[in-house]
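In full-length UniProt numbering, the protein residues as written are 1 to 465.
From the three backbone atoms N, C-alpha and C, an ideal C-beta is built for every residue, glycine too.
This report refers to the structure that appears directly beneath it.
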Ligand code: CMX
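Shown next, in the form of structure tokens:
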């Protein structure tokens, strides 16, 4: 019996109602297996019947400018509209909050469980609470798959090494547990890759909270990680980090859900997809994605926002001035005139306020309306779009996801902002790797776009006046 059939067995729960009816929960693996043939046929037909149709053009500007807007990637799990923001399998964030199972068991009563979103992104179906509970139990069980050398390795790292570097090292080291790499080495046929990829993907989801929590506890506390597997994925992660507050659990559920996926072109998701296309296993693919997330123009922006606000507070405190719309405006212009970016503002695709910002703002208004830092973020929001519009360079003067997340964490005493991107990394694994499942299931090929030299471009431009 292979690991996959063990998992499927594990997931199948049977309950007797009044001693007569027997009902079983359709497992994640069964759901995916039932969808697979139709999905494969759909893509093959699309390619065969419409493969030669032109869907866009590429300008020299786009080639030099980071491929903005170039349509060249298939992405199943989410889509980003510049005006509306993200939809996960067609659902907006407020819609997810309405329909996905929560900790209380009632949709709409609290934040969705991360396990609900894993199910949705993988299968495009809204799961029942029962299905989500089986997935929670499976992930808790799979947490024991963390190879025994990983925690000692993390414990040996210097405390001043950035937590994202430690996270990437930890996940790379866990790759010894890859079922996909073993199966590939044993010559498993191509049409079976996806089964082993799914094994790895679920194992990565299961082990990364402990890797992440160990880093947090080592760098800032006593190195002790305490689990509570009676809770859901996010609740258990909060206990491992050392937080025991139901309201913080809810924040973590929201945080982990909204950072999962942002279609394919963002650097962390795209890197995961690119590296995965070489048939690197899901551990190595997502470790590469983490390294992309660690850049200040991407996931590191959430720590930079807190640093920016701290610097602003320190400056005006020293000058005996209040932090208000006027002083924030002054500080923003200082930043811009020094040719630095305002962290947490702007976006490569979005052209409106990020709905991930808006839902965090809603959370703040509900749970901490009088928090001083929350109020500063509100004031920044009231002036920054005007400042950036006046500055005249940015395509989008509105806040993105990173603008708000740190302030909410800070409210609960989670003030170690150098660590914030690790939380983003725990969540982004879900988007990048759910897509990687479909990459393997649909047999997507090695990614290999064409590059050109400047000389080729100049000659082309000359010949095409
Ligand atoms: N502050 C100051 N200048 C900004 C800016 C900001 N917040 N956002 C963009 N600009 C500048 C760009 O640096 C660029 O300047 P140059 O022409 O001198 O190179 C110009 O405005 C045009 O850029 P753009 O088309 O508006 O934005 P890009 O697609 O090039 O970049 C992003 C997008 C997110 C990297 C950029 O807005 C930025 O640096 N924001 C601050 C960092 C941040 O919050 N990143 C997190 C994004 C969300 C995430 O991935 O987690």
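Closest to residue 385 by C-alpha separation, out of 149, 365, 413, 351, would be which residue? Here the question's residue 385 lines up with position 385 in the chain shown. With distances taken between Cα atoms, residue 385 lies closest to 351.
List the DSSP bridge partners of residue 102. Against the chain shown, residue 102 aligns to sequence position 102. Assignment of beta-bridge partners to residue 102 by DSSP yields 112.
Backbone CA spacing between residue 449 and residue 457 [nearest angstrom]: In the chain shown, the residue the question calls residue 449 occupies position 449. In the chain shown, the residue the question calls residue 457 occupies position 457. Cα to Cα, the separation comes out at about 16 Å.
Within 10 Å of its beta-carbon, does residue 462 have 16 or more other beta-carbons around it, so buried, or fewer, so exposed? Sequence index remark: in the chain shown, residue 462 carries index 462 (1-based). The residue is exposed, with fewer than 16 neighbouring Cβ atoms inside 10 Å.
Simplified DSSP state of residue 81, which is helix, strand or coil: The count along the chain shown starts at 1 and reaches residue 81 at position 81. Of the three classes helix, strand and coil, the one that applies to residue 81 here is strand, per DSSP.
Under 7 Å Cβ to Cβ from residue 68, same chain only, skipping five residues before and after it: list those, please. Here residue 68 refers to the residue found at position 68 of the chain shown. These residues qualify, in order along the chain: 62, 348.
DSSP state of residue 24, grouped into three classes? Position 24 of the chain shown, counted from the first residue, corresponds to residue 24. When DSSP states are grouped into helix, strand and coil, residue 24 belongs to the strand group.
Run through DSSP, which three-state label would residue 255 get? By one-based count along the chain shown, residue 255 stands at place 255. Helix.
Where does residue 273 land, buried or exposed, given buried means 16+ other C-beta within 10 angstroms? The residue you call residue 273 lines up with position 273 of the chain shown. When all chains shown are included, residue 273 counts as buried.
Say yes only if the C-beta of residue 301 is nearer than 7 Å to one or more non-hydrogen atoms of the ligand CMX, and no if none qualify. In the chain shown, residue 301 corresponds to position 301, counting from 1. Short note on residue 301: C-beta closer than 7 Å to some heavy atom of the ligand CMX.
Beta-bridge partners of residue 345, as assigned by DSSP: To locate residue 345, count along the chain shown from 1; it is residue 345. Its beta-bridge partners are 399.
Is residue 93 near the ligand CMX, judged by its Cβ being under 7 Å from some heavy atom? For this step, residue 93 is matched to residue 93 along the chain shown. Because no heavy atom of the ligand CMX lies under 7 Å away, the Cβ of residue 93 does not count as near it: no.
Does the beta carbon of residue 186 come closer than 8 Å to any beta carbon on chain D? Absent here is chain D; the protein component of the structure consists of one chain.
Would you mind working out which of 50, 440, 126 sits nearest residue 28, comparing C-alpha positions? For the purposes of this step, residue 28 is taken as residue 28 along the chain shown, with counting starting at 1. For the residues 50, 440, 126, the minimum Cα distance to residue 28 belongs to 126.
Please look up how many angstroms separate the CB atoms of residue 299 and residue 176, rounded, as I've assumed it's under 8 Å. Start at 1 with the first residue of the chain shown, and residue 299 comes out as number 299. Start at 1 with the first residue of the chain shown, and residue 176 comes out as number 176. That pair is no contact at about 26 Å.
Answer yes or no: do residue 242 and residue 271 have a C-beta to C-beta separation smaller than 8 Å? Stepping through the chain shown from its first residue, residue 242 is reached at position 242. Stepping through the chain shown from its first residue, residue 271 is reached at position 271. Not a contact, by the Cβ cut-off of 8 Å.
Give a yes or no on whether the C-beta atoms belonging to residue 401 and residue 356 are separated by under 8 Å. Taking the chain shown and counting its residues from 1, one reaches residue 401 at position 401. Taking the chain shown and counting its residues from 1, one reaches residue 356 at position 356. Yes, they are a contact pair.
CA-CA distance, residue 35 and residue 123? By 1-based counting over the chain shown, the position of residue 35 is 35. By 1-based counting over the chain shown, the position of residue 123 is 123. For residue 35 and residue 123, the distance between alpha carbons rounds to 8 Å.
Let me check understanding here. Comparing Cα to Cα, which of 59, 113, 266 lies closest to residue 451? Here residue 451 refers to the residue found at position 451 of the chain shown. The shortest CA-to-CA distance from residue 451 to any of 59, 113, 266 is the one to 59.
Taking the alpha-carbon of residue 172 as reference, which of 222, 280, 419, 326 has the nearest alpha-carbon? For the purposes of this step, residue 172 is taken as residue 172 along the chain shown, with counting starting at 1. Taking only the C-alpha atoms, the option nearest residue 172 is 280.
CA nearest to the CA of residue 41, picked from 455, 190, 442, 460: Here residue 41 refers to the residue found at position 41 when the chain shown is read from its first residue. Closest option to residue 41, judged by alpha-carbon separation, among 455, 190, 442, 460: 442.
Should residue 297 be listed as close to the ligand CMX, given that the test is whether its C-beta is under 7 Å from any heavy atom? Stepping through the chain shown from its first residue, residue 297 is reached at position 297. Result yes, Cβ under 7 Å from the ligand CMX.
Of the listed residues 358, 377, 118, 100, nearest to residue 31 (C-alpha basis): Stepping through the chain shown from its first residue, residue 31 is reached at position 31. With distances taken between Cα atoms, residue 31 lies closest to 118.
Nearest to residue 99 by alpha carbon, out of 180, 132, 260, 231? Locating residue 99 in the chain shown gives position 99, where the first residue counts as 1. Here the closest residue by C-alpha is 132.
Report whether the distance from the Cβ of residue 385 to the nearest heavy atom of the ligand CMX is below 7 Å. On the chain shown, position 385 is the one that residue 385 refers to. Because no heavy atom of the ligand CMX lies under 7 Å away, the Cβ of residue 385 does not count as near it: no.
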